[in-house]
Amino acid sequence: MDTHDRGCAAPADRPFGRARVADRRAPWAVGSLRALASALILGAGLLAAPAAAPFPVAAIGPLPECRLDDILTVPRDYGSWSTTLVDWLLRVGKDYKPPDLVSVRDAGLTGSGYVRKVAVDDLRAMAKAAAKNGTPIGSWSAYRSYNQQVKLFDGYVKAYGYDNAIEFSHRPGHSEHQLGLTIDFMAAGADGMLSGDSATGKWMAKNAWKYGWVMSYPRGDDPKHLWNETVCFRHEPWHYRYLGRDVAAKIHDSGLTIREYLWANFTMVDPTTGAPIPSATPTPTASLSPSPDVSPTAPPSAMEGQSPTPATAPGAGTQLAVGRWFGVDPPVVVASLLLVLTAIGFVALRVMPRR
């Protein structure tokens, strides 16, 4: 019986022996397949990172000159908080009210008001740094609703006249305060907004951007005048907007103002026609709720032509969005390539020989 078993087993031993020889020759091939699979999966991961990160789109380009209009800004969904621009031209609707407003006291600031929750952590960090420096900060004014801005602006018009009011107070819908990302700062315990010449004001001007906060209305080229032609507003050393550390650092490094940077990189609306420009890339973050969508209304007759400079359109310098790959938006191409590379990597891992 044992002899019969050995005799039957002998023919099977020879193929098994050849398999062992082949297996000894296979490690280089196995290693190559594993390296290929790892490279494919790693490459897919590297492609996924830039696809998910916020990056500039092909925006309108040239900075429009200062003129009054009531064009709905694009983007304006709540998820695009870091790239939504409002100025003399662009506005948000009456119903624009961020859903995540919290008290500035949650960030350890004195004073009152509300800001979006997305800004609280960096606001708290900035407040701690300012206090450690001996220049503590507080909030003089923060979020304002559309209706609050109506009352404020109308009051300034009655007190100073329309032509003066529009230089230091925005019309309803055009104020950064309505975005829930802006604070008029004060020195903690002070009875008034922050002075640029104070120790606290100087600290903020130098360091706020490190925490995602940028001065919206810096001084213009002429230090003798408060009016800044680039931002279409008077200098306000107390008015800072939160954009997140990444965007704030890019603005700081570029030497541009918020208005210049967002017009050049993110604002997707034609300043002459008011028509939205198709975006070549997705907005930086997912929207927290549906976009406020209010149809533009004709500006009051009193607002027409009221500008310190002629209402000149950008003209031939206006650029439309570019950057599509093979007629398809880049994110679609990247996502498709990502799926293909991931599939190939997993298939390679499954079919490779095992010892």
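For the sequence shown, our numbering begins at 15 and goes up steadily by one.
Glycine included, every Cβ here is placed at the ideal spot set by N, Cα and C.
Backbone CA spacing between residue i and residue j [nearest angstrom]
i, j, result
"G331", "A133", "Confidence is the limiting factor: at G331 the pLDDT is only 33, short of 50, which leaves the residue's position unreliable, though a coordinate-based value still follows. Rounded to the nearest angstrom, the two C-alpha atoms are 35 Å apart."
"M140", "G269", "21 Å"
"Y256", "G226", "6 Å"
"Y176", "D168", "9 Å"
"Y110", "W277", "20 Å"
"E274", "T286", "17 Å"
"K131", "C80", "32 Å"
"E181", "K146", "35 Å"
"A143", "V228", "16 Å"
"A289", "G206", "41 Å"
"T244", "R185", "18 Å"
"L82", "D135", "35 Å"
"S230", "A219", "11 Å"
"D91", "F280", "13 Å"
"V164", "N221", "33 Å"
"I265", "N161", "31 Å"
"P89", "W95", "9 Å"
"D120", "G107", "28 Å"
"D284", "L166", "29 Å"
"N178", "D84", "19 Å"
"C246", "H239", "13 Å"
"G93", "A156", "19 Å"
"D37", "V261", "Its pLDDT being 43, under 50, D37 is placed unreliably in this model, and the coordinates cannot settle the point."
Distance CB(residue i)-CB(residue j) smaller than 8 Å
i, j, result
"T149", "T196", "no"
"S126", "V118", "yes"
"G122", "R138", "yes"
"R259", "H249", "no"
"A263", "W217", "no"
"S209", "P251", "yes"
"Y170", "S183", "yes"
Anticipated Cβ contact below 8 Å, residue i with residue j, distance rounded
i, j, result
"W102", "H188", "7 Å"
"R105", "L86", "6 Å"
"D198", "W241", "Contact doesn't hold; Cβ gap of about 19 Å is too wide."
"V100", "G194", "That pair is no contact at about 12 Å."
"M282", "I272", "About 16 Å separates the two Cβ atoms, so there is no contact after all."
"T97", "G203", "Incorrect: roughly 35 Å between the Cβ atoms, too far for contact."
Chain D within 8 Å of residue i, Cβ atoms only
i, result
"G194", "Note that chain D does not occur in the displayed structure, where there is just one protein chain."
Per-residue burial, residue i [other beta carbons within 10 Å of its own, 16 or more giving buried]
i, result
"D267", "exposed"
"D211", "exposed"
"A201", "buried"
"A173", "exposed"
"H253", "buried"
"A113", "Sequence inspection shows Pro at residue 113; the Ala mentioned does not correspond to that position. Label assigned to P113: exposed."
"D235", "exposed"
"P298", "Annotation note: pLDDT 47 at P298 (below 50); position unreliable, coordinate value reported separately. Flag for P298 reads buried."
Any beta strand (DSSP E) of 3 or more consecutive residues that is wholly inside the stretch 122-194: Qualifying beta strand (DSSP E) stretches, in chain order: 128-130 and 151-155.
Completely contained alpha helix (DSSP H) runs for the stretch 214-280, where each covers 4 or more residues: With a minimum length of 4 residues, the continuous alpha helix (DSSP H) runs that stay inside the stretch 214-280 are 259-268 and 272-279.
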